[in-house]
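From first to last, the protein sequence lines are chains A and B. Per my numbering, residue 1 is the first one in the first sequence, and the count goes up by one each step. Per my numbering, residue 1001 is the first one in the second sequence, and the count goes up by one each step. We put the beta carbon where it would ideally sit given N, CA and C, even for glycine. Since the model is a prediction, treat every value here as computed from it, not as a measurement.
Protein chains: 2
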Amino acid sequence: MTDRRTQLLAAACHVIARTGVRGLRVEEVAAKAGVSTALIYHHFRNRSGLVTQAMLYINERLAAESASASGGTGMRRLLERMLSEFAEDEQTRENSAVWGEVRGAAVFDEELRPIIRDATDYWAGQLVELIEQGRADGSIRADAEPEPVALRLTAMVEGLANRWLAGLLSTEQARTHITATVRAELDS
Amino acid sequence: MTDRRTQLLAAACHVIARTGVRGLRVEEVAAKAGVSTALIYHHFRNRSGLVTQAMLYINERLAAESASASGGTGMRRLLERMLSEFAEDEQTRENSAVWGEVRGAAVFDEELRPIIRDATDYWAGQLVELIEQGRADGSIRADAEPEPVALRLTAMVEGLANRWLAGLLSTEQARTHITATVRAELDS
C-alpha cells in the first residue's frame, strides 16, 4: 500500500509521535499530509479508525524491519532484535512513541485492546522463535521457558522505552539495560 | 494534609485513573469533589498544577504504604514490595493508572519530567536498600549490582502494569512475571 492512504498513515504516526494519541486532531494530520479532512474521513471513517490503522501500519513497518535480521546464534539474533528497539534514528523513535501511546490509550479504550493484544503476541512470537533457536544451538540455556521470557522481554522494552522517550535514559543506557535483562534471563 | 486540598487531589487521581491524564478536565474534578472550579484554580493555579500535585500525592500514598513493609530477608522484603504493585484493591490500581498516565504524558510534556525523575529515583532507592540488605544477609547473590537492577525492576513493573491495567494480564500473571524477573536478576 504505497499510495495516498500510506502517506496519510505516515502523517498520522508523525503527529502521534509528537503530540500523543489522545491529543491527535484529524485537522492536524490533514495539514501535515496536505490534504482535506474529508479525505481522511473517506479513508478511515473517523478518528478512531485512523488511530487503529496507524497502529497496524507501525506493526507492518516493524515486521518489515525485523524480517531483515542477520544470521548467527539464537542469542545473538535475539540480542540484535532487542537492541534495535533503541536507536537514534527518527523512525525507531517514532515507532516506539506511537506504540507507547496506543498502549497507554488502550487502558481507557477497550476498542484498542484486541489490536494491542494481537500486535504483542506477534512480537513475542518472533522472540519465542529466536529463544528456541538459541536453546537448540546452545547459546541460550536449555531450561529457559520461551513464552514467559518473551513476554517479559517485551514488557521490559516498553518500560525502558517510556524513560528513553522522556529523556530519562540515553540510548546507550537503554541498550545496556536490555542486554543485561536478556543475559539474566537466558545466559547459558 | 488531611484537608480540602487532599480531597481535591484524591478526586483528581480518581478521574485520572478513569479517563487518563490527557483527557483530564478541571470541571470533572470539581464535579467529583463537589466544589467549584474556582476553588481548584485557587489551590492549584491551573490544570498543569493540579496534575503535578496529583502525581506528588500518589507518591506520598505509595511511600506511606511501603514504609509499613514487613521484616524478613532482603529477598523476601524485595519480593513483597514488588508483588504489592499488583493487587486487586481499588487504590493499588488507581495508583498504578495515575503513575502510568503521568509517565506517558512526560514524553510530550517536559514540565513533568523532573517530577517523574525524582519519583522514580525515590522508588528505585527503596529497592536498592532491599537489594543491599539481601546481599548482606545472603538471600541475594553477592555480585548483583543494586542500582542497575533496581532501575530494571521498576521498568519491568511499569511494562507489566500497562498490560495489567489494560486487562491483557491478570493480577496473578503479573505477579508471577515480576517474581520471575526478581529471581532471574537476584537469586543467590
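Length at least 3, wholly inside the stretch 77-153 of chain A: the beta strand (DSSP E) runs in chain order: Runs found: none.
Within 9 Å of chain A by C-beta, residues of the stretch 1060-1087 of chain B in sequence order: Those residues of the stretch 1060-1087 of chain B placed with their C-beta closer than 9 Å to a C-beta in chain A do not exist.
Tell me, please, which residues DSSP counts as bridged to residue 187 of chain A. A:140.
Could you give the distance in angstroms between the alpha-carbon of residue 1145 of chain B and the alpha-carbon of residue 1153 of chain B? So the alpha carbons of these two residues sit roughly 12 Å apart.
Cβ-based contacts, 9 Å cut-off: residues of the stretch 1028-1046 of chain B near chain A: So nothing in the stretch comes that close.
Can you say whether residue 1057 of chain B is buried or exposed, counting buried as having 16 or more other CB atoms within 10 angstroms of its CB? So residue 1057 of chain B counts as buried.
So which of A:129, A:103, A:133 has the shortest CA-CA distance to residue 157 of chain A? The closest CA to that of residue 157 of chain A, considering only A:129, A:103, A:133, is found on A:103.
Residue 135 of chain A versus residue 129 of chain A: straight-line alpha-carbon distance, rounded: Across the structure, residue 135 of chain A and residue 129 of chain A are spaced so that their CA atoms are roughly 10 Å apart.
Please report whether the beta-carbon of residue 1015 of chain B lies at a distance below 8 Å from any beta-carbon of chain A. No, its Cβ sits nowhere closer than 8 Å to a Cβ of chain A.
Determine, using beta carbons only, whether residue 55 of chain A comes closer than 8 Å to chain B. Chain B, which has no Cβ nearer than 8 Å to the Cβ of residue 55 of chain A, makes this no.
Check each residue of the stretch 1139-1151 of chain B: if its Cβ is closer than 7 Å to any Cβ of chain A, include it; give the result in chain order. Those residues of the stretch 1139-1151 of chain B that come within reach of chain A (Cβ to Cβ, closer than 7 Å) are 1148, 1151.
How would you label residue 209 of chain A, buried or exposed, when you count the other beta carbons within 10 angstroms and need 16 or more for buried? This structure leaves residue 209 of chain A out entirely; chain A is present only between 1 and 188.
In its own chain, which residues sit with a C-beta less than 7 Å from the C-beta of residue 1054 of chain B, not counting the 5 before and 5 after it? Within the same chain, Cβ atoms closer than 7 Å to the Cβ of residue 1054 of chain B are found at 1009, 1012, 1013, 1016, 1098, the five residues on either side in sequence being excluded.
Is residue 1101 of chain B near residue 1021 of chain B, with beta carbons less than 8 Å apart? Result yes, Cβ atoms of residue 1101 of chain B and residue 1021 of chain B sit closer than 8 Å.
Quick one: what's got a C-beta closer than 7 Å to residue 116 of chain A's C-beta in the same chain, skipping five residues either side? Apart from sequence neighbours up to five positions away, the residues of its chain that approach residue 116 of chain A with a beta-carbon distance below 7 Å are 102, 103, 106, ordered along the chain.
Cβ of residue 130 of chain A within 8 Å of any chain B Cβ: Judged by the 8 Å Cβ criterion, residue 130 of chain A is not in contact with chain B.
Three-way DSSP call (helix, strand, coil) for residue 1046 of chain B in this model: DSSP places residue 1046 of chain B in coil when its eight states are reduced to three.
Beta-carbon neighbours of residue 22 of chain A, restricted to chain B and to distances below 8 Å: Within chain B, the residues near residue 22 of chain A are 1020, 1022, 1023.
Quick check: residue 133 of chain A and residue 74 of chain A, are their CB atoms within less than 8 Å of each other? For the 8 Å CB-CB criterion, residue 133 of chain A and residue 74 of chain A form a contact.
At the level of alpha carbons, what is the spacing between residue 119 of chain A and residue 1038 of chain B? Rounded to the nearest whole angstrom, the CA to CA distance from residue 119 of chain A to residue 1038 of chain B is 44 Å.
Find out if the Cβ-Cβ distance for the pair residue 47 of chain A, residue 24 of chain A is shorter than 8 Å. Going by beta carbons, residue 47 of chain A and residue 24 of chain A fall inside the 8 Å limit.
Here's the rule I'm using: 16 or more other beta-carbon atoms within 10 Å means buried, otherwise exposed. How should residue 34 of chain A be labelled? When all chains shown are included, residue 34 of chain A counts as exposed.
From residue 1110 of chain B to residue 137 of chain A, what distance separates their C-alpha atoms? Taking C-alpha positions only, residue 1110 of chain B is separated from residue 137 of chain A by approximately 46 Å.
Starting from the C-beta of residue 171 of chain A, find all residues in its chain whose C-beta is less than 8 Å away, skip the five residues before and the five after it, and write them out in chain order. Counting only Cβ-Cβ distances below 8 Å, and skipping sequence neighbours, we find 86, 87, 88, 164.
Where the alpha helix (DSSP H) containing residue 15 of chain A begins and where it ends: Where residue 15 of chain A is concerned, the enclosing alpha helix (DSSP H) stretches over 4-19.
Can you list, in chain order, the residues of its chain whose CB lies under 7 Å from that of residue 1005 of chain B, leaving out five sequence neighbours each side? 1043, listed in sequence order.
What runs of the alpha helix (DSSP H), each 4 residues or longer, lie entirely inside the stretch 157-187 of chain A? Taking only runs of at least 4 residues, the alpha helix (DSSP H) segments lying wholly in the stretch 157-187 of chain A are 171-186.
Determine the chain A residues that contact residue 1049 of chain B at a beta-carbon separation under 9 Å, and present them in chain order. Within chain A, not a single residue places a beta-carbon under 9 Å from that of residue 1049 of chain B; the smallest gap is close to 19 Å.
Expressed to the nearest angstrom, what Euclidean distance is found between the alpha-carbon atoms of residue 124 of chain A and residue 1036 of chain B? Approximately 48 Å, taken between the alpha carbons.
Kindly indicate if chain A contains any beta-carbon less than 8 Å away from that of residue 1184 of chain B. At least one beta carbon of chain A lies nearer than 8 Å to the beta carbon of residue 1184 of chain B.
Suppose you measure from the CA of residue 168 of chain A to the CA of residue 1113 of chain B; what does that come to, to the nearest Å? In a straight line, the C-alpha of residue 168 of chain A is about 8 Å away from that of residue 1113 of chain B.
State yes or no: is the C-beta of residue 1194 of chain B within less than 8 Å of the C-beta of residue 1079 of chain B? Any question about residue 1194 of chain B goes unanswered here, given that chain B covers just 1001 to 1188.
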